[in-house]
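Notes follow once the structure below has been shown.
Numbering (the working numbering), first residue to last: 16 to 423.
Quick look at the structure:
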């Protein structure tokens, strides 16, 4: 239960330790009293000003990296929505009493996001602890030992920072390779039978959680097609590899199975033999233009949406079962059928399009339904771009997204 009657502005000002709030543009939105006191700057010199205009790197030190490291950390928090704890930093500060003179300072920073209802980072909490006196500990019989500890601490902190940077670079290379593999394995958009579909894949921004989503379109006998999307738990090259195996297996099963439920049953049995395929979600819809019927089955996946010509939205949620491999024993999967009329639109997607942190999935489904209704007259290609623009967070999604739209 949330406490009432608490003056959180007063709490912020009284926080022990230096704490500042930064906008996504890295401008000071507020600072607490301890930040003002220990930084040697007044509130007027801080609030409303760009962080690195107030605290630039020491121009007299060619090897200064404090500003660069801090900006990189803050940008990571903005991109990922995750807290970032920095290694110990040497970040000299210009003396407020003697302009032009720079004081050697050491800091231990932590940067954390304040996330809004739409999943976008609205503010950054920048907390720093000054440890200059600890580093400079001198004098007395322990003086030499303190200097050794200082050197050891600072050296280990720099090593940690360099290791983290190498890990980030390695991740960036793996992500690039995984995305290339993902793109190569997903089918090229085009005609399926007599019909066209708009397809999109958007990787997550600044996140490891990429390359597990897929889509597929299969030409079936008669005037029918199979449409499927899925989401592998995992990320990077392993997820891309599992994705490729499962997509190919479902594509083959769909051509011979007696409906989507049976195709997902076969896929579920196959997934048990594939490491990393456990708890994959998938949904398949068979579109039959001769009978104007949508036959579908879901393995723990968000429900496909049907945008009817009158603007109403129907979610296909009457045949939902657990994800692949979630049951120890084989059980037949459910299947349901819904009618459609000419001019309706079928929309399949993965959870990156609708899910947000600390938000019920129903809110995301309602947001999708509202966007579909407002843009019901738009052709599938434009509708796909519009949905991604309106529904994905402005700063980029933290999960990848696959989207398929078929005009029925």
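Note that CB positions come from ideal geometry on N, CA and C, so glycine has one too.
Buried/exposed call for residue i, threshold 16 Cβ in 10 Å
| i | result |
| --- | --- |
| residue 414 | buried |
| residue 115 | exposed |
| residue 342 | exposed |
| residue 228 | buried |
| residue 88 | buried |
| residue 55 | exposed |
| residue 353 | buried |
| residue 241 | buried |
| residue 132 | exposed |
| residue 216 | buried |
| residue 397 | exposed |
| residue 318 | buried |
| residue 243 | buried |
| residue 98 | exposed |
| residue 180 | exposed |
| residue 218 | buried |
| residue 280 | buried |
| residue 245 | buried |
| residue 77 | exposed |
| residue 16 | For residue 16, the predicted model reports a pLDDT of 46, less than 50, meaning its position is unreliable; a value from the coordinates is still stated below. It counts as exposed. |
Separation of residue j from residue i, as counted between CA atoms
| i | j | result |
| --- | --- | --- |
| residue 148 | residue 32 | 15 Å |
| residue 255 | residue 100 | 30 Å |
| residue 81 | residue 104 | 6 Å |
| residue 124 | residue 294 | 38 Å |
| residue 402 | residue 383 | 8 Å |
| residue 84 | residue 141 | 14 Å |
| residue 128 | residue 122 | 20 Å |
| residue 211 | residue 377 | 30 Å |
| residue 43 | residue 278 | 56 Å |
| residue 385 | residue 336 | 26 Å |
| residue 24 | residue 93 | 24 Å |
| residue 75 | residue 146 | 22 Å |
| residue 22 | residue 96 | 27 Å |
| residue 30 | residue 49 | 8 Å |
| residue 286 | residue 340 | 7 Å |
| residue 416 | residue 143 | 36 Å |
| residue 107 | residue 139 | 22 Å |
| residue 308 | residue 248 | 31 Å |
| residue 64 | residue 39 | 13 Å |
| residue 348 | residue 275 | 9 Å |
| residue 389 | residue 102 | 48 Å |
| residue 136 | residue 364 | 24 Å |
| residue 126 | residue 408 | 21 Å |
| residue 306 | residue 358 | 15 Å |
| residue 362 | residue 355 | 13 Å |
| residue 37 | residue 399 | 34 Å |
| residue 232 | residue 90 | 38 Å |
Residues near residue i by beta carbon distance below 8 Å, same chain, minus five either side
| i | result |
| --- | --- |
| residue 289 | 257, 260, 261 |
| residue 284 | 345 |
| residue 351 | 310, 311, 312, 331, 333, 334 |
| residue 282 | 261, 264, 265, 268, 297, 314, 339 |
| residue 404 | none |
| residue 58 | 46, 51 |
| residue 391 | 322, 324, 326, 360 |
| residue 61 | 35, 43, 46, 50, 51, 54, 69 |
| residue 381 | none |
| residue 374 | 132, 134 |
| residue 393 | 401 |
Cβ-based neighbour list, residue i, same chain, cut-off 6 Å, excluding 5 preceding and 5 following
| i | result |
| --- | --- |
| residue 79 | 72, 73 |
| residue 329 | 321 |
| residue 379 | 369, 370 |
| residue 154 | In this prediction, residue 154 scores a pLDDT of 46, lower than 50, which makes its location untrustworthy; the coordinate-derived value is nonetheless stated afterwards. Result list for residue 154: empty, nothing under 6 Å. |
| residue 27 | 47 |
| residue 66 | 41 |
| residue 387 | 322, 328 |
| residue 304 | 238 |
| residue 112 | none |
| residue 109 | 117 |
| residue 20 | none |
| residue 119 | 107 |
Contact set for residue i: own chain, Cβ-Cβ below 7 Å, skip 5 residues either direction
| i | result |
| --- | --- |
| residue 422 | 360, 395 |
| residue 372 | 130, 134 |
| residue 253 | 291 |
| residue 236 | none |
Closer than 8 Å to chain C by CB, residue i
| i | result |
| --- | --- |
| residue 384 | Included in the structure is just one protein chain, with no chain C present. |
(request) Say whether the region 314-328 touches the region 260-272, bearing in mind that this needs 3 or more beta-carbon pairs closer than 8 Å, one atom from each stretch. (result) no
(request) Starting from the N-terminal side, write out each stretch of the alpha helix (DSSP H) that is 4 residues or longer and does not extend beyond the region 64-120. (result) 66-69, 81-95
(request) Could you name each continuous beta strand (DSSP E) segment of 3 residues or more that falls completely within the region 273-324, going from the start of the chain to the end? (result) 296-303, 308-314, 320-322
(message) For the region 299-307 against the region 366-381, do three or more pairs of beta-carbon atoms, one drawn from each stretch, fall closer than 8 Å, so that the two count as touching?
(response) no
(message) Just to confirm the assignment: which complete beta strand (DSSP E) runs, minimum length 3, are found wholly within the region 17-50?
(response) 33-37, 43-46
(request) Only counting runs of 3 or more residues, tell me where the beta strand (DSSP E) segments fall wholly within the region 344-392, in order along the chain. (result) 351-354, 360-364
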